[in-house]
DNA sequence: ATTTGGTTTAACTATTTGGTTAACAAAGAT
DNA sequence: ATCTTTGTTAACCAAATAGTTAAACCAAAT
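Protein chains in written order, with this note's numbering: chain A, 580 to 776; chain B, 580 to 776.
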């Protein structure tokens with residue numbers, strides 16, 4: 580692993596845990612096992628290092644979403660596939676949702692500025708398809724945006740609010756992961772149940 | 580408005596926007612329109628000021644939840660009441676969810692230490708009731724924790740991830756608020772639809 | 001062997017930032 | 001009137017933290 584990779588990984592860990600403002604360059608250097616000056620040798624400054632980490636994170640999420648949303652399948656199939664694959668992905672990257680949400684809220688302008696057309700989720704196709712299937716009588720009449728929001732809410736929230744969820748439901752890491760595994764199949768059924776005609 | 584109140588309100592605004600780590604005492608002083616030394620005159624330090632703000636925030640949320648969850652109504656009624664009143668409350672305090680979630684994730688030990696028995700949500704009663712109604716054949720067999728998680732996800736997530744939601748769905752503040760108004764009735768129906776036998 | 005280029009470090013600097021101090025002012029209390 | 005308490009400020013301090021520099025290191029090329 581190159582030094583740059585070591586730094587990047589360390590930065591990912593620290594930024595995801597503490598956020599941009601809470602992260603310390605020294606802590607990242609320690610985590611990477613190198614000198615602090617190396618951070619500035621490989622990445623100009625904290626902002627740019629953060630930007631690299633954030634864009635990588637976001638560009639892992641978005642294309643996956645778009646691939647599913649814009650495929651040739653039915654809405655129900657897409658819901659199944661999305662909840663399955665997305666939860667699968669987030670189980671492997673449990674800090675991503677909270678990280679992205681936090682930074683988007685704390686620093687909307689900065690985040691918006693680094694999001695290009697490629698790495699942005701595009702729900703337009705899926706939304707049109709939902710309206711179509713409503714007309715065809717497959718789906719109950721509803722606001723497609725609300726449905727989309729429901730899908731995201733059910734899949735992403737438990738991870739975004741992980742600590743609170745564990746605290747309120749009084750479950751530990753193992754039970755949490757087990758619940759998320761369960762959720763991979765439950766959610767799609769619940770959502771489809773509530774919208775099919 | 581007393582100086583202490585001015586400080587507290589300013590602190591609430593700044594902390595909710597930037598989080599604990601990102602907030603600056605100077606910014607809070609400016610927001611309050613007073614000298615920075617006054618902050619330390621009224622509140623010992625940043626931590627304590629933050630603690631005051633956070634506890635107030637949390638102790639506004641939790642009792643409300645408990646009152647609904649532990650009332651004498653049916654599960655369906657509770658779901659209706661909760662989504663209605665909770666979204667109503669959060670519309671008036673749109674930064675609270677993200678604020679609480681963020682700080683719980685960034686600083687779990689600290690947050691847990693300031694949460695006492697009073698201001699903590701207790702879903703035990705509702706969970707037992709759900710199991711009971713499952714046995715009575717009112718609700719489909721399911722894991723009560725998953726249902727609870729669904730309810731929270733659907734109501735809280737849109738606010739917690741506000742910036743991202745607006746960005747992805749390409750809606751402005753007005754449209755967002757309108758969607759949330761809609762949601763007050765939609766969500767309960769969706770959830771009940773998906774779990775009633 | 002020596003040079004040369006990128007890599008890495010220790011030590012340093014500049015700035016930000018939470019917190020303190022001492023002086024000042026306004027309002028009650030004696 | 002004078003003293004005491006409370007509220008308020010400007011100026012200051014010390015610690016933390018992002019960022020710089022110059023020297024050392026080291027591998028490959030000459």
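Glycine included, every Cβ here is placed at the ideal spot set by N, Cα and C.
Checklist line | Pair within 8 Å by beta-carbon distance, residue 673/A and residue 738/A | finding: Yes.
Item checked: Beta-carbon separation (whole angstroms), residue 734/A vs residue 666/A, contact threshold 8 Å -> That belief holds up - the Cβ atoms of residue 734/A and residue 666/A are roughly 6 Å apart, short of 8 Å.
Check: How about residue 682/B and residue 612/B: are their beta carbons less than 8 Å apart?
Finding: For the 8 Å CB-CB criterion, residue 682/B and residue 612/B do not form a contact.
Next item on the list: Enumerate, from N- to C-terminal direction, the unbroken beta strand (DSSP E) stretches of 3 or more residues contained entirely within the region 672-719 of chain A.
Entry: Correct list: empty.
Margin query: With H, G and I counted as helix, E and B as strand and the rest as coil, what does DSSP make of residue 724/B?
Written below: For residue 724/B, the secondary structure class from DSSP, reduced to helix, strand or coil, is helix.
Notebook entry, point to check: Just checking my contact of residue 675/A with residue 640/A at CB under 8 Å: how many whole Å lie between their CB atoms?
Noted result: Between residue 640/A and residue 675/A the Cβ distance is about 7 Å, and since that is below 8 Å, they are a contact.
Next item on the list: Output, in chain order, the set of chain B residues within a Cβ distance shorter than 7 Å of residue 732/A.
Entry: 732, 733, 736 and 737, listed in chain order.
Checklist line | Cβ-based neighbour list, residue 638/B, same chain, cut-off 8 Å, excluding 5 preceding and 5 following | finding: Cβ neighbours of residue 638/B beyond the five flanking positions: 697 and 698.
Notebook entry, point to check: Straight-line CA distance for residue 769/B to residue 659/B?
Noted result: Each residue's Cα considered, the two are about 10 Å apart.
Next item on the list: Quick one: measure Cβ to Cβ for residue 621/A and residue 582/A, integer angstroms, because I've assumed they're closer than 8 Å.
Entry: Between residue 582/A and residue 621/A the Cβ distance is about 7 Å, and since that is below 8 Å, they are a contact.
Next item on the list: Could you tell me if the beta carbon of residue 733/B falls within a distance shorter than 7 Å of some heavy atom in the ligand GTP?
Entry: With respect to small molecules bound, the structure shown includes none, and the ligand GTP cannot be examined in it.
Next item on the list: Could you tell me how far apart the beta carbons of residue 654/A and residue 591/A are, in whole angstroms, since I believe they sit closer than 8 Å?
Entry: Contact between residue 654/A and residue 591/A is ruled out by a C-beta separation of about 34 Å, above the 8 Å threshold.
Item checked: Contacts that residue 747/A makes with chain B (C-beta to C-beta distance below 7 Å) -> Those within 7 Å of residue 747/A in chain B are 700 and 702.
Next item on the list: Report the residue ranges of all beta strand (DSSP E) runs contained in full by the region 726-768 of chain A; include only those spanning at least 3 residues, in chain order.
Entry: Fully enclosed beta strand (DSSP E) runs of 3 or longer: not present.
Checklist line | Paired residues, beta bridge with residue 775/B - DSSP | finding: Residue 775/B pairs with 718/B.
Check: Between residue 605/A and the rest of its own chain, which residues show a CB-CB distance below 7 Å, the 5 nearest in sequence each way excluded?
Finding: Only 615 meet the Cβ criterion.
Item checked: Euclidean distance between Cα positions of residue 677/A and residue 686/B -> So the two alpha carbons sit approximately 13 Å from each other.
Notebook entry, point to check: What whole-angstrom Cβ distance do residue 730/B and residue 718/B have, given they're in contact under 8 Å?
Noted result: That pair is no contact at about 13 Å.
Next item on the list: Let me know the secondary structure DSSP gives residue 644/B once reduced to three states.
Entry: Residue state for residue 644/B is assigned as helix, using DSSP reduced to three classes.
Check: What does residue 612/A touch in chain B if you count any residue whose Cβ is under 8 Å from its own?
Finding: Neighbours of residue 612/A in chain B, taken as residues whose beta carbon is under 8 Å from its own, are absent, since the nearest beta carbon is some 24 Å off.
Check: By Cβ distance below 6 Å, which residues in the same chain neighbour residue 602/B in space, the five residues on each side in sequence not counted?
Finding: Cβ contact annotation for residue 602/B (same chain, cutoff 6 Å, sequence separation greater than five): 593 and 594, in chain order.
Next item on the list: Just confirm the distance between the C-beta atoms of residue 726/A and residue 748/B, as a whole number of angstroms; I'd bet it's less than 8 Å.
Entry: With a contact defined as Cβ atoms closer than 8 Å, residue 726/A and residue 748/B miss out at about 11 Å.
Next item on the list: Note down, in chain order, each residue of its chain lying with its Cβ closer than 7 Å to the Cβ of residue 759/B, except the 5 sequence neighbours on either side.
Entry: Excluding sequence neighbours, residue 759/B sits near 666, 670 and 737.
Notebook entry, point to check: Would you say residue 666/B reaches chain A, if we count a Cβ-Cβ gap shorter than 8 Å as a contact?
Noted result: Closer than 8 Å: no.
Note to self: Within the continuous alpha helix (DSSP H) that includes residue 622/A, where are the two ends?
What the structure shows: Element bounds for residue 622/A: n/a, residue is neither H nor E.
Check: Quick one: what's got a C-beta closer than 6 Å to residue 705/A's C-beta in the same chain, skipping five residues either side?
Finding: Closer than 6 Å at the Cβ level, and outside the excluded window around residue 705/A, lie 648.
Check: Could you give the distance in angstroms between the alpha-carbon of residue 826/A and the alpha-carbon of residue 589/A?
Finding: In the structure as shown, chain A begins at 580 and stops at 776. Residue 826/A is therefore absent and cannot be evaluated.
Check: With burial defined as no fewer than 16 other Cβ atoms inside 10 Å of the residue's Cβ, what is the status of residue 703/B: buried or exposed?
Finding: With fewer than 16 other Cβ atoms from the protein chains shown falling within 10 Å of its own Cβ, residue 703/B counts as exposed.
Note to self: Considering Cα atoms alone, identify which of 690/B, 767/B, 700/B and 774/B is closest to residue 713/B.
What the structure shows: By alpha-carbon distance to residue 713/B, the top candidate from 690/B, 767/B, 700/B and 774/B is 774/B.
Check: Less than 8 Å separating the beta-carbons of residue 740/A and residue 662/A?
Finding: No, Cβ-Cβ distance for residue 740/A and residue 662/A is not below 8 Å.
Next item on the list: Can you tell me which of the three DSSP states residue 583/A falls into?
Entry: Here residue 583/A sits in helix by DSSP.
Next item on the list: Using a Cβ cut-off of 8 Å, pull out every chain B residue sitting near residue 720/A, in sequence order please.
Entry: None at all; the shortest Cβ gap to chain B is about 12 Å.
Item checked: Neighbourhood of residue 783/A by C-beta, 7 Å cutoff - its chain only, sequence neighbours within 5 removed -> Residue 783/A lies beyond the stretch modelled for chain A, which goes from 580 to 776, so this question has no answer here.
Check: Listing by chain order, which chain B residues have their CB less than 7 Å from the CB of residue 769/A?
Finding: The answer, in chain order, is 729 and 773.
Margin query: So, under 8 Å CB-CB, residue 679/B and residue 636/B are touching, yes? Tell me the CB distance rounded to an integer number of Å.
Written below: The beta-carbon distance between residue 679/B and residue 636/B, rounded to whole angstroms, is 6 Å. This is short enough to meet the 8 Å contact definition.
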